[in-house]
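All remarks here apply to the structure that follows.
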């Protein structure tokens, strides 16, 4: 195990995606003792996953945006920071103590400043049959594609909306994978709602790239737009996908259904550390309450990247630099003045976020795809349906934490990642309350399960030694 | 506008909810005020132990009465509360500990209590086959068991409301005072008045008592718990290790709850606790030393609930020593969950009838007056 060299650092960065790599490069570059902890085998996060190990080396296949990450990876590597991969941070508290699991052993590390860069996760897509084997998220499919060059070869349907959906479809097709149909669930009314933001979008880099991707996919695969209903069916595994578009219901046989309706901040670690969050009415998810430098409500903890609110890879890089520059200004003010001025970084960030509002409005998932009904499963860990949750509300469950007493929702291994947003929205609708009033699960460490043997092998404290002697 | 009630109960833990329920059964109409929601703190997130075993003698009569209610809990609250009775076992790990156990059981028997039985190594092995062979015996309380705490407290709350309790959640009781012979409490924009006030506010009860002129030696604690991934079935009873801060229980789904009294740092003004993982590590170390089956498990969740602990670690149950119409029911010191059903019944008897047959004399607040 590559244990951390020290038990205390000026700055600990959690997550080696675009924001974490950028923050590491800036903080360590400024001479701060910096540790970067990352769960994956190598740098890149999800967007640049496996950038230095992927077997898909023909650059056109994964695209220029993917390979653009190499520069940021290099900057972090040469910054003097200590970088540890396969390191799972399972605890962070308001004393800035970090519990991390590395190679089967755990350690506690202290920090003067922590930058959380744990990125995004896919939004739950709770349609009838979404728990069947053969239904998976687009993100999981993309992980296999990037890490191992694997693409689907059976009858494949991709359903949902958002930039990643089109990117994945294009990447699968470029690698010779099979896609039978793309079902676009973008609500037609969203196009009108997004119109006021269209000019900004058309002058952003997203525009040309997005159009090119959609054109590339449409040239090879039938695309059904305006899908208003979606269900997976099968006996023990996926057999077919049925959908309604333009009032017409259709059923297609399928071996694989890839679902995706956007990404949302991965809030588990920040919430467990006590960071205040609020409901984002535009992105329809929980976002941390942050100042312009990414500082949270907990002194010494900042958040950068998509975990701070979805902004994409380029914005994440600048947010990483900004958070680390602010940390440097706090911990080593004389060094900070030699770094790139904050005003310049903020300008670059604003440019990177230009056009984002259009995407946020256009790709707001429709209510029926966020808030299921009847016997559609909401909580996969405990197999709780939408109707069962509504029944619990009727007899007194007022919010997600109270619901645990009725249905054990959110208490399984996923720790609410797959049901939390759905439960909040479902209960808010049922009770006529706002999402903020309903709230979210109270999250606690360990934010990822940790082996009991690993905790047990931590060095003994004096009291522990006494307890065993006494026993 | 002032609303009149028969009693004002401050605190929506299992104790406040149980007292509300029993007052309704006695024909009264109480209001229960809870600043968060019923079961938000210790009552909803404790280990769920339903235990007569190893209690202070002062609370045994209350505990025995509670046990009888637990065994028919669905009759009272229309919910089984997940109560299961597989006994609780106190394990002695060596002869010195066993000698202490032997003396304890003899002392209880002399006082007329027979719920704790001394067991030898063979019986211990029969009850807890996974225990280390070197353990010479222990004590069993066979009627004990465990329930689901949040479900239980919620069931008490629901039944109390169904029987006529006014439940006010999400708003704190403020400006508690006695005026014109009535207790008055501000609740948001309203105020309630009643001849009776029950202080069942858990970790917040000490402040209420102090403000009313009855300071007591109480601290806020947050005992930590954790739960593991499922492992093959290996124990039925709840197991407590006599010499260590460790207790555990396996659920039907194979998961194991590990507790025993190591504490988190509590911040009651923030409704927050910070876990002490080094102490939790001690618990995991002991568990994996004793039970090989646990070594492959992982910790899925860990938490701590905020509550009040008295200096003498037994609760205050009974009338105020200072004020007419004021009753205290707090300070259960990390073992109040099992006592909830009977404590509510006793409080209702004290309030509605002026007395109780259950021996609670040693639990009075007067014991702290110098």
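Chains as they are written, first to last, in our numbering: chain A, 1 to 471; chain B, 1 to 370.
Virtual Cβ for every residue (Gly too), placed ideally from N, Cα, C.
Beta-carbon proximity list for residue 466(A), same chain, < 7 Å, skipping 5 on both sides: Annotation note: pLDDT 36 at residue 466(A) (below 50); position unreliable, coordinate value reported separately. Cβ within range, chain order: n/a, list empty.
Closer than 7 Å between beta carbons: that is the criterion. Which residues of the region 137–171 of chain B meet it against chain A? 150, 151, 154 and 158
Contact with chain A by residue 284(B), beta-carbon distance below 8 Å: yes
May I ask you to list, following chain order, the residues of the region 79–94 of chain A that have a beta carbon less than 7 Å from some beta carbon of chain B? 91, 93 and 94
Just to confirm, are residue 23(B) and residue 7(B) a CB contact at a threshold of 8 Å? yes
First through last residue of the beta strand (DSSP E) which encompasses residue 472(A): Since the first residue of chain A shown is 1 and the last is 471, residue 472(A) is not available in this structure.
Using 8 Å as the limit for Cβ to Cβ distance, is residue 34(A) near chain B? no
So, using beta-carbon positions, are residue 69(B) and residue 342(B) closer together than 8 Å? yes
Do you know offhand how far residue 155(B)'s Cα is from residue 257(B)'s? 22 Å
Is residue 108(A) close to chain B? Criterion is C-beta to C-beta, closer than 8 Å. yes
Just to check my reading of the structure: residue 234(B) and residue 287(B) have Cβ atoms closer than 8 Å, yes? What is that Cβ distance to the nearest angstrom? About 11 Å; that fails the 8 Å criterion.
For the region 301–335 of chain B, list every residue whose C-beta sits within 7 Å of some C-beta in chain A, in sequence order. 301, 302 and 303
Checking contacts by CB at 8 Å: is residue 261(A) closer than that to chain B? no
Can the beta-carbon of residue 420(A) be found closer than 8 Å to that of residue 381(A)? no
Would you mind sorting residue 93(B) into buried or exposed? The rule is 16 or more other CB atoms within 10 Å of its CB. buried
Any contact of the region 88–99 of chain A with the region 216–224 of chain A, i.e. 3+ C-beta pairs under 8 Å? no
Does any CB atom of chain B fall closer than 8 Å to the CB of residue 444(A)? yes
Continuous alpha helix (DSSP H) assignments of at least 4 residues falling wholly in the region 182–207 of chain B: none
Could you spell out the range, first to last residue, of the beta strand (DSSP E) harbouring residue 261(A)? 256–261
Within the same chain, show all residues whose beta-carbon is closer than 7 Å to that of residue 135(A), passing over the 5 residues directly before and after it, in chain order. 129, 232, 238, 257 and 259
Report the neighbours of residue 275(B) on chain A: residues whose CB is nearer than 8 Å to its CB, in chain order. 91, 93, 444 and 445
Under 8 Å between beta-carbons, which chain B residues line up against residue 404(A)? List them in chain order, please. 150
Coarse secondary structure for residue 12(A), derived from DSSP in three states: strand
How would you list, in chain order, the residues of chain A whose beta-carbon sits under 9 Å from the beta-carbon of residue 297(B)? 451, 452 and 453
Close beta carbons around residue 404(A), own chain, < 7 Å, minus the five adjacent residues each side: 410 and 411
Close-in-space but distant-in-sequence residues of the same chain around residue 280(B) (CB under 7 Å, 5 per side omitted): 224, 226, 262 and 302
Is the region 83–93 of chain A in contact with the region 5–23 of chain A, if contact means three or more CB pairs nearer than 8 Å? yes
Could you tell me which chain B residues have their CB closer than 8 Å to the CB of residue 395(A), listed as they occur along the chain? 158
Check this for me: beta carbons of residue 360(A) and residue 283(A), under 8 Å apart or not? yes
Do we get a CB-CB distance below 8 Å when we pair residue 19(B) with the residues of chain A? no
Could you tell me which residues DSSP pairs with residue 327(B) in its beta bridges? 198(B) and 319(B)
According to a CB-to-CB cut-off of less than 8 Å, which residues of the region 270–289 of chain A neighbour chain B? 274
With C-beta atoms as the reference, is residue 111(A) less than 8 Å away from residue 100(A)? no
Proximity test, Cβ basis, 8 Å: residue 197(B) and chain A: no
Among 174(B), 124(B) and 217(B), which has the Cα closest to the Cα of residue 236(B)? 124(B)
Would you please verify whether the beta carbon of residue 4(A) is less than 8 Å from any beta carbon of chain B? no
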